[in-house]
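At position 23 of the sequence shown the residue is numbered 29 (the working numbering), and the sequence of numbers has no breaks. Ideal placement from N, C-alpha and C gives every residue a C-beta, glycine not left out. These notes concern the structure reproduced below.
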Amino acid sequence: MTRLVLILGDQLSEGLSALKAADPARDVVVMAEVMDEGTYVPHHPKKIALVLAAMRKFAAHLRQLGWQVAYRRLDEEGADSIVGELLRRAEEFDASEVLATTPGEWRLIRALKYAPLKVHFHADDRFLATRADFADWAAGKKQLRMEYFYRLMRKKTGLLMEGYDPAGGKWNYDAENRKAPPKEIDHAGPLRFEPDDGVKDVLDLVEARFGTHFGELRPFWFATTRDQALEALAHFITYALPQFGDFQDAMMTDERWLYHAILSPYLNIGLLSPLEVCEAAEAEWQAGRAPLNAVEGFIRQILGWREFVRGIYFIEGEDYPSRNALGQTRALPSLYWGAETEMHCLSQVVRQTQEEAYAHHIQRLMVTGNFALLAGVDPAEVHDWYLAVYADAFEWVEAPNTVGMSQFADGGIIASKPYVSSGAYIDRMSNYCASCAYKVKQKTGEGACPFNLLYWHFLNRHRDRFEGNPRMGNMYRTWDRMDADKRDVILQEADAFLAKLEAGEKV
Ligand code: FAD
Ligand code: SF4
Numbered sequence: 007m008t009r010l011v012l013i014l015g016d017q018l019s020e021g022l023s024a025l026k027a028a029d030p031a032r033d034v035v036v037m038a039e040v041m042d043e044g045t046y047v048p049h050h051p052k053k054i055a056l057v058l059a060a061m062r063k064f065a066a067h068l069r070q071l072g073w074q075v076a077y078r079r080l081d082e083e084g085a086d087s088i089v090g091e092l093l094r095r096a097e098e099f100d101a102s103e104v105l106a107t108t109p110g111e112w113r114l115i116r117a118l119k120y121a122p123l124k125v126h127f128h129a130d131d132r133f134l135a136t137r138a139d140f141a142d143w144a145a146g147k148k149q150l151r152m153e154y155f156y157r158l159m160r161k162k163t164g165l166l167m168e169g170y171d172p173a174g175g176k177w178n179y180d181a182e183n184r185k186a187p188p189k190e191i192d193h194a195g196p197l198r199f200e201p202d203d204g205v206k207d208v209l210d211l212v213e214a215r216f217g218t219h220f221g222e223l224r225p226f227w228f229a230t231t232r233d234q235a236l237e238a239l240a241h242f243i244t245y246a247l248p249q250f251g252d253f254q255d256a257m258m259t260d261e262r263w264l265y266h267a268i269l270s271p272y273l274n275i276g277l278l279s280p281l282e283v284c285e286a287a288e289a290e291w292q293a294g295r296a297p298l299n300a301v302e303g304f305i306r307q308i309l310g311w312r313e314f315v316r317g318i319y320f321i322e323g324e325d326y327p328s329r330n331a332l333g334q335t336r337a338l339p340s341l342y343w344g345a346e347t348e349m350h351c352l353s354q355v356v357r358q359t360q361e362e363a364y365a366h367h368i369q370r371l372m373v374t375g376n377f378a379l380l381a382g383v384d385p386a387e388v389h390d391w392y393l394a395v396y397a398d399a400f401e402w403v404e405a406p407n408t409v410g411m412s413q414f415a416d417g418g419i420i421a422s423k424p425y426v427s428s429g430a431y432i433d434r435m436s437n438y439c440a441s442c443a444y445k446v447k448q449k450t451g452e453g454a455c456p457f458n459l460l461y462w463h464f465l466n467r468h469r470d471r472f473e474g475n476p477r478m479g480n481m482y483r484t485w486d487r488m489d490a491d492k493r494d495v496i497l498q499e500a501d502a503f504l505a506k507l508e509a510g511e512k513v
């Protein structure tokens, strides 16, 4: 009897476990563009276009390989949901069983589990650690620290290992990777691809159906096939990797890419595998073309962080994305959706997000994330925003980064202390402050940088939770040493700023 093989928009890998378990002579691949997936949060139009264009090309590729593919385009007749489409195809092909690679988010796992069909789940083996590997490692540990998991993964994969020892004698070269922004960037950014006719069709469709979503659809230049993604990887490895480490945390006005990879969208939809990306970087170091600090820093992001956050997402369970350990409740300010702001750092990062569906890690963590946390925004709203606006945002990776690392809403599972800073950090790591209407060195009064006010407001209102944290004691001692009048002024000015924010006034 025919079985259906479900392939989701982030499962575009030839070696997918559901495909390996299926038989092209008997089974039918089901792929579907459905409204529910495009709208459960208002995804950035570039992200929707990337996924749909890559799905169509992957379906064509599977047909060339001999698979029968039942593909539903959004503008064709069909259901609004994945399960609805499966039921429709089950009737069409007289099938009652579905082979599925376990989806990367609880929402879809739940939907498939309760579908009136027999769904056989196959583990998603496109990662370097299985869910069981991670759960075994985590079992019984009081604190889960990425660094130790990463070392285990280095040993397991042999990446950057010299026998039993880490290459170069150290596991981590981060101390060399925090340089302030350079004077200029000699790299033009990621490889861009001119849309072909198929991609243009998708762009027209996305414009018609999702044109009201936040974000600019054109120009669209993402890779939409594996071959193109491999070209994008080679481009990064050759032209940006050698400088990746040095300026990994830097931010610059009107410089969107610096030496970042811009490979996460391709990794996350399955066009590239994490191992091949890490091996390509390692080979560059072995050939003497990229320094160890850059290559180790890059591999740690993928072999360490990417695998670690996925492990956390799955061991923590379905409620993880809705946690709110700090009880923060403010609505997400309209500046996140493009309302004007005098804060140059925020306007730069939001503008770039709107145009590119991309911001690099420190922009996400220390500008938009830091501000939301300091301002007391409800982490569920922050989570929905990050899930919507980035081309690489899929819940298994986005939620731990947002809810955990950036908003501390998991109570400290991912981060041992909240990632909060005053304006000084942003000033050190960027050239944003030089072009800002606010003054980063000013602590209070007209023109004082809002991060300076909100930083103390945050620490003060969460004192009970954080003053005993050994990594935060210094901050509280500095606050306590401040003149009482000064502390009052800071808190009053922070309150006034938050009231303006709440009222939707331009800040
Ligand atoms: P590079 O800086 O060049 O890093 C190389 C690769 O390492 C990335 O392609 C990515 O696959 C991986 N990587 C780096 N950091 C992380 C991390 N913390 N977690 C997982 N993988 C990582 N990443 C996503 O892929 N999807 C998300 O939805 C996402 N949401 C985030 C939300 C917040 C609040 C924060 C702070 C970070 C988030 N990240 C997310 C992690 C990181 O910001 C992006 O992976 C990175 O910016 C992607 O750009 P890049 O390819 O240029 O990365
Ligand atoms: Fe951002 Fe403050 Fe610097 Fe302005 S002065 S760019 S608000 S950190």
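Pull up the DSSP beta-bridge partners for residue i, would you.
i      : result
PHE127 : ALA106
MET481 : Beta-bridge pairing links MET481 to no other residue.
LEU445 : The sequence as given places Lys at residue 445; Leu does not occur at that position. Note: LYS445 sits in a beta bridge opposite ALA454.
SER436 : MET257
ARG78  : ALA38
ARG336 : VAL383
Within 10 Å of its beta-carbon, does residue i have 16 or more other beta-carbons around it, so buried, or fewer, so exposed?
i      : result
TYR170 : exposed
TYR120 : exposed
LYS53  : buried
MET372 : buried
ARG370 : buried
GLY204 : exposed
SER353 : buried
MET299 : Residue identity differs from the one stated: residue 299 is Asn in this sequence, not Met. The residue in question, ASN299, is buried, as its Cβ has 16 or more Cβ neighbours within 10 Å.
THR218 : exposed
GLY21  : exposed
ASP33  : buried
SER375 : Reading off the sequence shown, one finds Gly at residue 375, where the question assumed Ser. Buried, by the Cβ-count rule.
THR230 : buried
ARG312 : buried
ALA60  : buried
Please work out which residues of its chain come closer than 7 angstroms, Cβ to Cβ, to residue i, disregarding the five sequence neighbours upstream and downstream, and give them in chain order.
i      : result
PRO424 : LEU379, PHE414
TYR461 : LEU380, VAL426, SER427, SER428
ASP433 : CYS439, VAL446
TRP73  : PRO30, VAL35
ASP2   : One cannot answer for residue 2 here, as it falls past the ends of the chain, which runs 7 to 513.
SER328 : ALA386
MET478 : LYS423, PHE472
Per DSSP, what kind of secondary structure is residue i in: helix, strand or coil?
i      : result
PRO271 : helix
ALA363 : coil
LEU14  : coil
ASP171 : strand
ARG9   : coil
GLU288 : helix
VAL89  : helix
ALA194 : coil
MET349 : coil
ARG232 : helix
MET152 : helix
THR136 : coil
MET488 : coil
ASP203 : helix
LEU165 : coil
GLY251 : coil
LYS423 : coil
ALA28  : coil
ASP501 : helix
Skipping 5 residues on each side, what residues in its chain have a beta carbon closer than 8 angstroms to that of residue i?
i      : result
ASP501 : HIS463
TYR46  : ARG113
SER102 : MET7, ALA96, LEU123, LYS124
Give me, in chain order, the residues of the same chain whose beta-carbon lies closer than 6 angstroms to that of residue i; leave out the 5 immediate sequence neighbours on both sides.
i      : result
TYR77  : MET37, ALA65
ASP130 : THR107, THR108
GLU168 : none
HIS126 : LEU105
ILE243 : ALA286, GLU290
For residue i, decide whether its Cβ has a neighbour in chain B, counting only Cβ atoms nearer than 9 angstroms.
i      : result
ASP130 : The displayed structure is made up of one protein chain only, and chain B is not part of it.
Query raised in the report: Are the region 168–185 and the region 338–358 touching by the rule of at least three beta carbon pairs closer than 8 angstroms?
Result: The region 168–185 vs the region 338–358: no contact.
**Report entry** Cβ contact (3+ pairs, closer than 8 angstroms) linking the region 13–33 and the region 197–215
**Finding:** They do not touch, by the three-pair rule.
Query raised in the report: Is the region 281–298 touching the region 237–255, taking contact as three or more C-beta pairs under 8 angstroms?
Result: The answer is yes - the region 237–255 touches the region 281–298, with three or more Cβ pairs under 8 angstroms.
Query - Meets three-Cβ-pair contact criterion under 8 angstroms: the region 358–367 and the region 256–268 - result: Judged by Cβ distances under 8 angstroms, the region 358–367 makes contact with the region 256–268, as three or more pairs qualify.
Report task. Indicate whether the contact test is met: 3 or more Cβ pairs, each with one atom in the region 392–410 and one in the region 267–286, closer than 8 angstroms. Result -> The region 392–410, when compared against the region 267–286, does touch it at the 8 angstroms Cβ threshold.
Report task. May I ask you to verify whether the region 326–346 touches the region 142–160, counting CB pairs closer than 8 angstroms and requiring at least 3? Result -> No, because fewer than three Cβ pairs between the region 326–346 and the region 142–160 fall closer than 8 angstroms, the two stretches do not touch.
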